[in-house]
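Chains as they are written, first to last, in this note's numbering: chain D, 1 to 512; chain R, 1001 to 1319.
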Amino acid sequence: MKKKKASSILAIVTALSVLAGCGGGSSAPAATGTSNGSAAQGENKSEPVAISIMANLHTPEVPSDMIEKLLEEKTGTKLEIQWVPDGTYDEKVNASFATGTLPQVTYLKNAASLVNMRDAIRNGQFWEIGPLLDQYPNLSRLKPEVLKNTAVDGKIYALYREVPLSRQGIIYRKDWADKLGLSAPTHIDEFYNMLKQFKENDPDGNGKDDTIPLTDRNDLVYGAFKTISSWLGTPNNWGEKDGKLAPEFMFPEYMETMNFFKKLHQEGLINQDFPVTSKTDQQNLFITGKSGVYIGAMGDVSSLHPKVVEVNPDAELDVQNKIEGGPNGYGIWSVPGYGSVILFPKTAIKTEEDLNNVLTFMDQLMSPELGNLIYWGVEGTHHKLEDGKVIPSEDTKLTDREVKPYQAIQVGGPLTIEGFYEPKHMLPVKAKSEEMITENNDYLIEDPSAALDSKTFNEKGVQLQEMIKDGTYRYMLGDIDEAGFQSVVDNWLKSGGQQIIDEFNVSYSSSK
Amino acid sequence: MSETAVKTGMRKSTPKIPESGRMRRIIKNRAIYLMILPGFLYFLIFKYIPMSGLIIAFQEYQAYLGVTGSPWVGLKHFERLFTEPMFFTILGNTLLLFFLNLAFYFPVPIILALMLNEVRREVFKRFIQTLVYIPHFMSWVIIVSISFVMLSMDRGIINELMVMAGFDKINFLMSSDWFRPMYVMQVIWREAGWGTIIYLAAMAAIDPGLYEASRMDGASRFRQMWHITLPSIRSVIVVLLILKIGDVLELGFEHIYLLLNSMNRDVAEIFDTYVYTAGLKQGQFSFSTAVGFFKSLIGLILVMLANKLAKKAGEEGIY
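Below, the structure written as structure tokens:
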């Protein structure tokens, strides 16, 4: 009897320890979308080709598989799409790479993510596809000058997804500006004045001094910082100084930008917690009418507008891009012609025949039919066609769930996909933002380091950039002074920054 | 097993099992061994086998070359760690947070358990117990988010109250000075209630006769607590203390990672967050493994130290 009792206790303890063990591990963030195999029933009777893809998920939920099924049907493939949330995308790619489990088609997060992969690319971990592109009618439409920016040692390993070169500008509450008699700012002083008026003159008319004029987030690049630095004439990542390349933060304009933010922060013209504010919280401040100016991608106005109007039916939004701040007039930073690149790991694609299958699929993704399908969805359900132009459905919840995530697996874009539908915007401010994005193309500040290479930068660049990022925030919040920031820069130089400068300059002069 | 032992063992049992003494015992107690098997496998598969991965701390690990192909670099990564400007900051932060945790968090569940033990109405006691357990089941993400909302400079309730009371706003979230108090308070809030379980169980096992006898002698409630309750749970406290020290460097990666930002990195960066940033975000697998290895080493030393101290003090220790 006693023995029995002992064993039952032991059993419980064992069970508990196993359970505790399970509880400790965190669950993997990746969600896998699988399909149920009834793919190639149409004209294609042969065995469907299995294709695995890792893609960046920008919406909170994994999409429905409606588009995926259509894609499988039309291309005779069986897709396995791994959706990875945007916030942890780079980490997931790094971890999969380390364990040799990258899928056949690997989308990187953005242009900067390519830097981390350069060494691996050089070591032959990915298929070189440059010489093969001619064989594919659609892929051969990708622009050589953009492909060149993605090249490693002059060889092309990647396809790319297009984004407009510069979407940066401001979105602001026109009704507030009108009430205070302000027009769209064209100079940084007018911009400052707008923020000041929004703060002091009670634009929302609730009788309380409670508005936060500018809403920003914890991002020095896609938040407000880099755009304002462009207005003030700061170079894009790297700039030329006395014939040599130097990083942006060694230019006086960078300091000027930090001083501007310091002033905004001190005077309460920006949300006080901006270094720790998430994108969602940033947008919420704008949507709920606590704040009146948003700096970022002007195209966001289409998703912000319905939400703002839902809270306050009288609200009006407007966009503006050209704001001057320096002696050289208006300028705006740009991306190097691609939003993200697509790599093909040799660990997942074993033979050239497999590579051909994968590239054929990618080629089909760029066809007019499928290119439009993954971007605009199904006609009649997600959009209407009028005069050959597409009118997106107003049910954004539906398109967010069924279409928007698939835009992440686009290859090329409007400039390279033949017969890509042009949108006809029902929202005038959205149309205006599109015009301004096109207009930005005449004022681009390009990153001269985009096609350059530095061994130290590949190894330590990200880590070193963290130092500068910390220093920048601490300066803007008044934690350190100019001498303090200078010592951060000195530390950067000492920890490998000087090598990066030297290596980039060697690469720069040889490319000239 | 010696020959004689085997023979005596054989004589006593059925001659059908001609194995050695150990084997025989295993077969005899197979039910118990079978039951221990899942636990054994768990430790083997999830704890011991992955340990072999530590090898890459001594390599320049490159994913495409694998463990077998990557070049050996000896102690290069450790050298880099010790010469890294951040090293002493990280070591200091990790140890300091640990000691703060020990000093401020560790006694709280004991005090709470003592208080609960004195509650006379059973219903009320159970109610309070349930209430203090609840935070343990919330994830750090939720706890940190709630604190963010409360402590924000833009209309956070705490700062609003401070302004109403005539004080200046304090930037809790982005201040080096406030990080540590904030961390310890959040740990106490989430874990203190849950920590009382074991102490309460130990207190329930105390012989009520002791209390009755002390009452006869006229001891007050406080005297009873001091002379009966606390000495009775002393060994439990010591064991938990040693276990806690074993977790020295498990300060809660998620928790700190969520609180970490540019403004408090000098006090908030610890080994776990550093390993994550260097390893997963920047792909320096070998270096981050070396950092993790070093961290475990400190943990091991501290546990052995604590165990030794406990034995010196006449307690049982954990091994």
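Yeah, the Cβ is synthetic: ideal placement off N, Cα and C, and Gly gets one too.
As the structure is a computational prediction, the values presented were derived from the model and not from experiment.
Residue 1070/R counts as buried, since no fewer than 16 other beta carbons sit within 10 angstroms of its beta carbon.
When DSSP assignments are scanned along the segment 1115-1199 of chain R, the uninterrupted stretches of alpha helix (DSSP H) that are 4 or more residues long and fall wholly within it turn out to be 1122-1133, 1140-1151, 1157-1164. Neighbours of residue 85/D across chain R, judged by C-beta separation under 7 Å, do not exist; the nearest C-beta is about 14 Å away. From the beta-carbon of residue 1064/R, the residues of chain D found nearer than 7 Å are 120, 123, 125. Against chain D, the CB of residue 1240/R has no partner CB under 8 Å away; the residue lies outside that interface. In terms of CA proximity to residue 265/D, 475/D leads the group 49/D, 495/D, 511/D, 475/D.
Of all residues in the segment 92-116 of chain D, the ones placed with a Cβ closer than 7 Å to any Cβ belonging to chain R are 94, 95, 97, 98, 100, 116, in chain order. Nearest neighbour of residue 169/D by Cα position, chosen from 86/D, 295/D, 63/D, turns out to be 295/D.
For residue 271/D, the chain R residues whose C-beta falls within less than 7 Å of its own C-beta are 1154, listed in chain order.
Identification of residues in the segment 448-470 of chain D having a C-beta nearer than 7 Å to some C-beta of chain R yields 462, 463, 469, 470, given in sequence order. Residue pairing from DSSP leaves residue 492/D without any beta-bridge partner. In summary, the residues of the segment 476-508 of chain D whose CB is separated from some CB of chain R by less than 7 Å are 477, 479, in the order they occur in the chain. Taking C-alpha positions only, residue 102/D is separated from residue 156/D by approximately 19 Å. Contacts with chain R at 8 Å (Cβ-Cβ) do not include residue 294/D. When DSSP states are grouped into helix, strand and coil, residue 54/D belongs to the strand group. Along the segment 1278-1292 of chain R, the positions whose C-beta sits under 9 Å from a C-beta of chain D are 1278, 1279, 1280, 1281, 1282, 1283, 1284, 1285, read in chain order.
For residue 404/D, the CB contacts under 8 Å within the same chain, skipping 5 residues up- and downstream, are 58, 59, 63 in chain order.
Of the residues assessed, residue 317/D falls on the buried side of the cut-off, its CB having 16 or more other CB atoms within 10 angstroms. The residue among 73/D, 128/D, 79/D with its C-alpha nearest the C-alpha of residue 409/D is 79/D. Setting aside the 5 residues that flank it on each side, residue 1273/R is surrounded in the same chain by 1253, 1256, 1257, 1260, each with a C-beta closer than 7 Å to its C-beta; the list follows chain order.
Residue 125/D sits close to residue 346/D, with the two beta carbons spaced by under 8 Å.
The three-state reading of DSSP puts residue 395/D in coil, since its state is none of H, G, I, E or B. DSSP places residue 275/D in the helix class (H, G or I) of the three-state scheme.
Using a Cβ-Cβ cut-off of 7 Å, residue 1200/R is close to nothing in chain D; its nearest Cβ partner there is about 18 Å away. When 9 Å is used as the limit between beta carbons, residue 473/D is near these residues of chain R: 1174, 1261, 1262, 1263, in chain order. Within the DSSP secondary-structure output, residue 160/D pairs in a beta bridge with 341/D. Under the DSSP assignment, residue 307/D falls in the alpha helix (DSSP H) whose first and last residues are 301-311.
Within the segment 389-435 of chain D, the complete alpha helix (DSSP H) segments at least 4 residues long are 396-402, listed from N- to C-terminus.
Taking each of 502/D, 496/D, 489/D, 500/D in turn and checking the Cα distance to residue 249/D, the smallest one comes out for 489/D.
By the Cβ rule, the segment 1187-1206 of chain R does not count as touching the segment 299-319 of chain D, because fewer than three pairs are nearer than 8 Å.
Secondary structure of residue 81/D (DSSP, three-state): strand.
Under DSSP, residue 333/D shares a beta bridge with 445/D. Residues of the segment 162-183 of chain D with a Cβ closer than 9 Å to any Cβ of chain R: none.
Assigned with DSSP and collapsed to three states, residue 107/D falls in strand.
The segment 1288-1302 of chain R makes contact with the segment 1049-1060 of chain R: 3 or more CB pairs, one atom from each, lie closer than 8 Å. For a cut-off of 8 Å, the C-beta gap from residue 363/D to residue 138/D is around 5 Å, short enough to register as a contact.
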